[in-house]
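So the sequence lines, in the order shown, correspond to chains A and B. So the first sequence is numbered by our numbering: it starts at 1 and just counts up by one. So the second sequence is numbered by our numbering: it starts at 430 and just counts up by one.
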Amino acid sequence: MELLLEFLSFSDPNIRFVVLGSVLLTASSAIVGCFTFLKKKALVGDAVAHSILPGVCLGFLLAGSKNPLYLIVGAFITGWLSLVIIDAIVAKSKIKEDTAIGLILSVFFGMGILLLTMIQHSGNAAQSGLDQFLFGKAAALVGQDLIVFSIVAVTLIFFVVLFFKEFTLISFDKDLAIALGFPVRRIELVLTTLTVLAVVIGIQAVGVVLMAAILITPAAAARFWTDRVKIMVILAALFGAFSGFAGAFISYAAPAMPTGPWIVVVISIIAFTSFFFAPKKGILYRTWNQRKIKRQMVEENILKTIYSLGAISKNYFQPKTEQEILAARNFETSQLHLGLNRLKNQGYLKRSGDQWVLSPEGRDKGQHVVKLHRLWEVYLTKYLRIAPDHVHEDAETIEHVITPELEAKLEKLLEYPKLDPHESEIPYK
Amino acid sequence: MIKQVENPVLEIHDLTVSYDKKPVLWDIDLSVPKGKVIGIIGPNGAGKSTLIKAIMGLIPISSGYIKLFDEKLDAVRDHISYVPQRESVDWDFPTSVREVVLMGRYGKLGLFRRPRKADIEVAMDSLRKVGMEAHAERQISQLSGGQQQRIFLARALAQQADLYLMDEPFAGVDAATEKAIIRLLREMAIQNKTVVAVHHDLQTASKYFDWIILLNLRLVASGPTEDVFTPDLLQETYGGKLTLLSEITTLMAKEQFPHREAK
């Protein structure tokens with residue numbers, strides 16, 4: 001805790017640079033990454049990241065030192081060039097986009113490694129640290145870098161806000177954008193340029209190899225929590241910023257820990273958490289929902305079974321043992337037991353010794369399920385012309401699905417039939 | 430049977446369209462009148478969608494020209510609305526029904542301007558016309574096929590155009606939606622708007638359309654439904670493959686021949 005407070009006080013200017021730099025670049029990459037993600041071009045970020053390396057090396061060769069402006073301009077040019085070539089390959093040849101990306105990524109990265117090795121063996125003392133572009137080194141950020149970073153980050157955010165409507169439009173329906181007369185090619189050019197810029201600055205912190213993660217992962221994580229582009233972009237920015245901050249803190253607390261990889265670890269944890277726990281879309285919610293449905297089906301089947309037994313003896317409130325219920329319908333014993341107890345707690349059943357009695361509400365509910373079952377059987381025979389001996393199995397599932405609105409429609413459509421296809425009476429209240 | 434009209438809404442002159450040097454539409458020459466519901470009919474792969482896309486400038490044309498309201502497309506874009514095929518977009522996109530319909534207003538807004546109150550009102554009004562106002566805030570992935578098509582229609586209505594080009598507006602929709610759409614198209618025609626729709630159900634074609642364009646790689650016929658919707662012309666559109674023509678197009682694609690000698 002003390003460590004966190006000390007960290008948060010930003011008394012050390014180095015911390016200030018690293019934290020601000022990390023947050024700026026992760027948040028701005030995440031914002032741009034949202035549209036890369038929505039356009040289903042996630043791999044493009046990876047291609048740009050790898051294609052930047054030769055540019056960085058060329059920039060260094062020209063400047064003779066690690067002047068950030070030279071490096072960024074060099075990186076920008078080759079990163080951008082790679083995208084232009086990918087587009088040209090897809091447009092002019094029969095090669096598909098994924099192949100073109102793989103091709104360009106490796107060719108550019110290969111050239112980058114080649115140049116890097118040459119520089120490293122050239123004996124130029126200024127070159128030390130240039131290989132940090134491979135894996136990044138956020139902890140090495142200094143004041144001069146920060147100014148460049150901030151300018152680029154603010155530019156990115158400004159353009160995304162400015163072009164928000166246009167980016168959304170071309171991501172959703174490009175043909176409409178063209179038909180409406182928008183300069184789609186130029187808008188795409190802006191988006192491409194922003195993507196390259198985001199990668200260029202991000203790469204200094206996390207490196208070529210991990211760059212795709214901070215571009216795409218925040219967007220993918222945010223998508224789990226919302227169905228609106230605007231909120232998705234804001235969430236992605238927050239996720240990105242948090243991972244940048246956390247990465248910087250972890251490497252501060254444990255100096256042996258690298259910032260960039262930790263940023264990626266944190267954002268990946270956020271993504272996995274979203275994947276499992278997000279409402280509606282998360283795996284946990286879905287599993288839980290499945291369980292709920294299963295339980296509901298067991299409960300309704302129990303009530304239906306006891307109700308049907310009562311219908312035979314004309315006494316719905318006669319106590320039944322578990323064995324009697326099991327004799328009438330096959331349940332898993334443990335499921336039946338749990339279901340009976342749940343129904344007791346819900347007020348649909350009463351227990352006396354080892355026997356179970358329907359409450360008036362329980363009888364109504366059981367009757368309702370039977371009614372839905374038989375209505376559906378009528379519908380199947382009448383409208384789908386399915387033989388009466390084949391409709392029972394379908395109705396067994398559908399009886400649990402029919403909503404009150406559908407029930408009303410069904411009743412009206414079938415004109416309140418008295419009997420089901422097996423000549424059993426349909427019980428109306 | 431190709432009937433040309435005076436003062437056409439849409440005039441196509443000697444249009445040829447190719448995909449990767451392979452001609453898919455040959456020398457189309459037609460004009461259509463104002464205030465009608467017009468159907469483009471033909472078998473699969475006849476180039477129906479291609480024709481609409483060529484009109485909207487979504488694919489390059491190899492030869493000929495297209496005039497809308499006697500002007501080039503760019504001069505009259507504001508008066509034309511395009512409804513793409515429903516499957517052409519990702520319905521999992523994180524947006525709401527209202528936002529999608531609002532996109533119909535983007536053309537009037539132009540670059541950088543945000544939808545104004547008036548635009549939102551138009552969008553809601555369009556939703557009302559297709560009976561979807563109750564679903565305005567829904568995420569679009571929750572819609573059925575019929576509802577998706579209604580949304581696309583509402584988006585087109587929000588454009589307040591005079592000519593509507595619709596690619597398969599009846600594909601994969603339920604009977605109720607189909608009825609609702611055709612009623613809407615009729616109303617639009619009464620208001621002197623023109624609707625051109627790609628359609629491939631022959632059962633309903635003669636009932637839905639005032640004017641029919643029969644297409645199969647070339648124009649077979651274009652004219653009032655009663656003149657065009659005849660067994661002979663339908664036979665010509667759907668029957669008998671043009672074997673020689675398809676051999677030539679395959680050859681052109683293989684050898685990368687240009688469609689016109691000098692261009």
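Glycine included, each C-beta is placed from N, C-alpha and C at the ideal position.
Residue 536 of chain B sits in a helix when the DSSP states are folded into three classes.
A check of alpha carbon separations from residue 501 of chain B across B:440, B:577, B:663, B:614 identifies B:440 as the nearest.
Cβ proximity to chain A below 7 Å picks out 511, 513, 517, 518 from the stretch 507–520 of chain B. Residue 26 of chain A is not a Cβ neighbour of residue 216 of chain A, given a cutoff of 8 Å. Excluding five sequence positions before and after residue 625 of chain B, the CB atoms of its chain that fall closer than 6 Å to its own CB belong to 467, 594, given in chain order. Taking 8 Å as the cut-off, the beta carbon of residue 319 of chain A is found closer than this to the beta carbon of residue 352 of chain A.
Within chain B, the residues whose beta carbon sits less than 9 Å from that of residue 226 of chain A are 523, listed in sequence order. CA-CA distance, residue 94 of chain A to residue 88 of chain A, rounds to 11 Å. Collapsing the DSSP output to three states places residue 1 of chain A in coil. Assigned with DSSP and collapsed to three states, residue 425 of chain A falls in strand. Contact annotation: residue 447 of chain B and residue 453 of chain B have beta-carbon atoms nearer than 8 Å. Put simply, the backbone Cα of residue 426 of chain A is about 28 Å away from that of residue 292 of chain A. Contact annotation: in the stretch 533–567 of chain B, residues whose CB is within less than 7 Å of a CB in chain A are 535, 536, 540, 541, 543. Between the C-alpha atoms of residue 238 of chain A and residue 528 of chain B there is a straight-line separation of about 24 Å.
Around residue 145 of chain A, the same chain offers 17, 21, 68, 204 as residues with beta carbons nearer than 8 Å, after the five sequence neighbours per side are excluded. Between residue 475 of chain B and the set B:658, B:645, B:551, the nearest pair of CA atoms involves B:645. Residue 485 of chain B belongs to the set of residues whose beta carbon lies under 8 Å from a beta carbon in chain A. If the five residues before and after residue 478 of chain B are omitted, its C-beta is found closer than 8 Å to the C-beta atoms of 514, 596, 597, 627, all from its own chain and listed in chain order. Taking 8 Å as the threshold, the shortest C-beta distance from residue 603 of chain B to chain A does not fall below it. Residue 20 of chain A: not part of any beta strand (DSSP E); member of the alpha helix (DSSP H) spanning 13–38, first to last residue. Any Cβ of chain A closer than 8 Å to the Cβ of residue 503 of chain B would place that residue at the interface, and such an atom is present. Here residue 226 of chain A carries a coil assignment [DSSP, helix/strand/coil].
Per DSSP, residue 310 of chain A is one residue of the alpha helix (DSSP H) stretching across 283–313. Per DSSP, the unbroken beta strand (DSSP E) holding residue 493 of chain B starts and ends at 492–497. Linking residue 90 of chain A to residue 96 of chain A through their CA atoms gives a straight-line distance of about 6 Å. For residue 468 of chain B, the uninterrupted beta strand (DSSP E) run begins and ends at 466–470, by DSSP. Positions of the beta strand (DSSP E) runs, each at least 3 residues long and wholly inside the stretch 144–227 of chain A, cannot be given because no such run exists. Fully contained in the stretch 328–389 of chain A are the following beta strand (DSSP E) runs of length 3 or more, in chain order: 349–352, 355–358.
About 4 Å separates the Cβ atoms of residue 584 of chain B and residue 533 of chain B, confirming a contact at the 8 Å cut-off.
Bounds of any alpha helix (DSSP H) do not take in residue 594 of chain B; it lies within the beta strand (DSSP E) bounded by 592–595. Where residue 453 of chain B is concerned, the enclosing beta strand (DSSP E) starts and stops at 451–461. Only those residues of the stretch 142–169 of chain A whose C-beta falls short of 9 Å from the nearest C-beta of chain B are listed: 162, 163, 164, 165, 166, 168, 169. Going by DSSP, residue 511 of chain B is part of the beta strand (DSSP E) stretching over 509–512. By the beta-carbon neighbour count (other beta carbons within 10 angstroms, threshold 16), residue 552 of chain B is buried. Minimum Cα-Cα distance from residue 517 of chain B among the listed residues B:482, B:431, B:544, B:506 corresponds to B:482. Excluding the 5 residues flanking it on each side, residue 70 of chain A has same chain C-beta neighbours closer than 8 Å at 59, 60, 62, 63, in chain order.
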